[in-house]
Amino acid sequence: MARLAYIFVALLSLVYVSSAYKILFVSPLKGKSHAILAEGILKPLLKDGHEITYVCGLPPDKPLPKVTLVETTYKYQSTDKDSSFSLSEQMSKKMSIKDLTKMFGLLSNITNSVMRETSVQALINDPKQHFDVVIAEWLYTDIYASFAAIFDCPLIWLSSCEPHWKILRNVDEATNPAYTTDLFSNNIPPFSFTQRLTELGFQIMGHFIDYMYFADTEKEIYDQVVAPAIRKRGRPVPNLEDVKYNASLVLGNSHISLGMPNRLPDSYKHVGGYHIDKEVKPLPENLKKIIEGSPNGFIYFSMGSNLKSKTLPDVIKQDLVKMFGKLKQTVIWKFEEDLPNRPANLHIVQWAPQQSILAHEKCLLFITHGGLLSTTESIHFGVPIVGIPVFADQFINVARAVKKGFARRVDLSYSMVGKLHEEINVVLSDPSYRQKAKELSFIYHDRPVTPSAELVHWINHVVKTKGARHLRSPALDVAWYQKTYLDLALVLLAIVLAIVYGIKFLIISLFKSTKKPQSSKKRN
Ligand SMILES: *[C@@H]1O[C@H](CO)[C@@H](O)[C@H](O)[C@H]1NC(C)=O
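Take 0 as the starting number for the sequence shown in numbering that gives the first Met the number 0 and just add one per residue.
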């Protein structure tokens, strides 16, 4: 009997453990780092037994079982050359606010194309489709929230960077610019007076950008694409505003070891580093030989996947080759073309397994553009960096790393090679940089569970609790004039005015009543 009960319990727990959900995952940007973050989510969810429909930008290299791909065919509107940011353009100072606005225009176009894509239309207009939860990457627009409204299920945002006011506004409220940094700024609190003004300016500009680039597109998409799909399912169409601010959770590719302390709502969960596998893959033979044959350790140099080293001006390429030749360490440079006159200690590889390289104990330094995946991996493996930021959040990532004490920064310019040489020497000769990287690495790893286990846990939690309404910030339901007590100020103002006018009226009428007999006397 006891054995029967045991089997029964075991069977029950099996049923419980293997409760598989249908998940819709939306990550439509055609960028390598976005694809890496996306696969980092898919893999542990598949292992946990779920079934996933994936609206993707770049499809995975190898097809994944139990993943239904909804491919997007949109093209970036600009030419191929423009879609990866050119270093030489950067250095001739052509990239600026204008480029940021170009980026927002591009993102807005992409959003529009994705939502009108035939494959996406087929998905949302199929009344038999049903999902338990939608996970959508937040891409400067909130429109992907409408997938949750269509399928009438909870929504989880995936945020690819450190927490910032725009994403927090979706689940709580915009953070105070007096002590939090905008995504495109590189100020580190505590701020000076002018920095505080700059941050406020960034927030005001952010609202303006929403209005200029996204508000109309979102409204149009919602009315033309989303609302009909909801009606088809026989449900009333909710307000777009209510849909935008209805997420159950934000999963942030962030962690305190990588970012700055922040006030966060209960619905924000740090899962930074989830894309990194627990087991490091072995190095390919050619790299293994180079690395193990480096008597003084090695430096790894990579400017990421968006930014092609090919676009580097020739002068800088030659200067770099010369400068690396002067170092006694081996240098591994991820670069798309071979260079002539390479010194013996410089090795150029077209493809590099970054994690396996950084994991090697002989890796002394990482020269990087400062993309969040790269800074995360440098902390994961405890390697100090020299950052050469080029675009978007790379500036703030490098600024944070410098502030934390495991990095030096070099700005892009035609004369940067001399400065780069200096900074390489600083990091290699002063052990504090490496020590700091190791300390942060300890903080990074010292979590109760791995970030990918945490990610799976919270996604399951949202589904099991039908949207985790208990995590919802009360700030979402309070209007701005109530938060700022403007209504109280108005009431107080009314009271003060009433008192002032009351007294005035009293005095005047008293004055009149004492004056009247006199004047009547005079007249008589
Ligand atoms: C908000 O989310 C909850 C839980 O996921 C859902 O029940 C509700 O219908 C959603 N409301 C809107 C306006 O989308």
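Cβ atoms here follow ideal geometry from the backbone N, Cα and C, with glycine treated the same way. Bear in mind the structure is a predicted one, so any value in this text is a computation, not a measurement.
Distance between residue j and residue i (C-alpha atoms, nearest Å)
{"i": "G303", "j": "S431", "result": "26 Å"}
{"i": "A493", "j": "A173", "result": "30 Å"}
{"i": "V416", "j": "I315", "result": "7 Å"}
{"i": "S253", "j": "G272", "result": "7 Å"}
{"i": "H346", "j": "R408", "result": "23 Å"}
{"i": "E136", "j": "K402", "result": "28 Å"}
{"i": "R317", "j": "S293", "result": "First, the residue type needs correcting, since residue 317 is Gln and not Arg in the sequence shown. Distance between the alpha carbons of Q317 and S293 is about 23 Å."}
{"i": "I166", "j": "V382", "result": "29 Å"}
{"i": "P447", "j": "I384", "result": "27 Å"}
{"i": "V477", "j": "F510", "result": "47 Å"}
{"i": "Q202", "j": "L319", "result": "38 Å"}
{"i": "S145", "j": "P473", "result": "22 Å"}
{"i": "N340", "j": "P312", "result": "17 Å"}
{"i": "T310", "j": "K127", "result": "49 Å"}
{"i": "Y139", "j": "H163", "result": "11 Å"}
{"i": "Q194", "j": "N186", "result": "7 Å"}
{"i": "I123", "j": "P227", "result": "10 Å"}
{"i": "H420", "j": "D410", "result": "13 Å"}
{"i": "K307", "j": "V389", "result": "12 Å"}
{"i": "Q481", "j": "K61", "result": "52 Å"}
{"i": "K321", "j": "L338", "result": "11 Å"}
{"i": "T325", "j": "V224", "result": "A quick correction: the sequence has Lys, not Thr, at residue 325. Their backbone Cα atoms lie some 60 Å apart in a straight line."}
{"i": "N261", "j": "T179", "result": "8 Å"}
{"i": "Q349", "j": "K29", "result": "20 Å"}
{"i": "L36", "j": "K327", "result": "36 Å"}
Helix, strand or coil at residue i according to DSSP, with G and I counted as helix
{"i": "H163", "result": "coil"}
{"i": "T513", "result": "helix"}
{"i": "Y210", "result": "helix"}
{"i": "H269", "result": "strand"}
{"i": "W156", "result": "strand"}
{"i": "H33", "result": "helix"}
{"i": "W457", "result": "helix"}
{"i": "V314", "result": "helix"}
{"i": "G251", "result": "strand"}
{"i": "S304", "result": "coil"}
{"i": "V279", "result": "coil"}
{"i": "D81", "result": "The pLDDT assigned to D81 is 44, lower than 50, so where the model puts this residue is not dependable; a value taken from the coordinates is nonetheless given after this. In the structure shown, D81 sits in a helix (DSSP, three-state: H, G or I)."}
{"i": "V69", "result": "strand"}
{"i": "H346", "result": "strand"}
{"i": "F24", "result": "strand"}
{"i": "F150", "result": "helix"}
{"i": "L105", "result": "helix"}
{"i": "E50", "result": "strand"}
{"i": "L257", "result": "coil"}
{"i": "L427", "result": "helix"}
{"i": "V113", "result": "helix"}
{"i": "L505", "result": "helix"}
{"i": "T329", "result": "strand"}
With 16 other Cβ atoms within 10 Å as the buried cut-off, status of residue i
{"i": "R399", "result": "buried"}
{"i": "K503", "result": "exposed"}
{"i": "G386", "result": "buried"}
{"i": "R526", "result": "Outside the modelled stretch of the chain, which goes from 0 to 523, sits residue 526, for which no answer is possible."}
{"i": "W479", "result": "exposed"}
{"i": "V462", "result": "buried"}
{"i": "H359", "result": "buried"}
{"i": "G48", "result": "exposed"}
{"i": "F130", "result": "buried"}
{"i": "P176", "result": "buried"}
{"i": "S519", "result": "Because S519 sits at a pLDDT of 49, beneath the cut-off of 50, its placement in the model cannot be relied upon, and the point is left open."}
{"i": "N295", "result": "exposed"}
{"i": "G370", "result": "buried"}
{"i": "Y426", "result": "The residue you asked about is not Tyr; residue 426 is Val in the sequence shown. It is buried - the Cβ of V426 has at least 16 other Cβ atoms within 10 Å."}
Integer Cβ distance of residue i from residue j, believed to fall under 8 Å
{"i": "P64", "j": "L454", "result": "In fact, because the Cβ distance is near 20 Å, the residues do not count as touching under 8 Å."}
{"i": "L282", "j": "I275", "result": "Wrong, their Cβ atoms sit about 16 Å apart, outside the cutoff."}
{"i": "L257", "j": "T375", "result": "6 Å"}
{"i": "I331", "j": "I356", "result": "7 Å"}
{"i": "L250", "j": "L157", "result": "5 Å"}
{"i": "V119", "j": "V66", "result": "Contact doesn't hold; Cβ gap of about 16 Å is too wide."}
{"i": "I298", "j": "L364", "result": "5 Å"}
{"i": "D222", "j": "G205", "result": "That pair is no contact at about 24 Å."}
{"i": "K277", "j": "T449", "result": "7 Å"}
{"i": "Y443", "j": "I378", "result": "5 Å"}
Within-7 Å CB hit, residue i to chain D
{"i": "T100", "result": "No chain D appears in this structure, which consists of one protein chain only."}
request  = Just list the alpha helix (DSSP H) runs in the segment 115 to 141, keeping only unbroken ones of 4 residues or longer that don't cross its boundaries, in chain order.
outcome  = 117 to 123
message = Going residue by residue through the segment 366 to 412, where are the continuous beta strand (DSSP E) segments of at least 3 residues, counting only ones entirely within it?
response = 384 to 386 and 406 to 408
ask   = For the segment 210 to 249, which segments carrying the alpha helix (DSSP H) assignment without a break, of at least 4 residues, lie completely within its bounds, in sequence order?
value = 214 to 220, 226 to 231 and 239 to 243
key: Every unbroken alpha helix (DSSP H) inside the segment 163 to 199 [4 residues or more]   = 164 to 170
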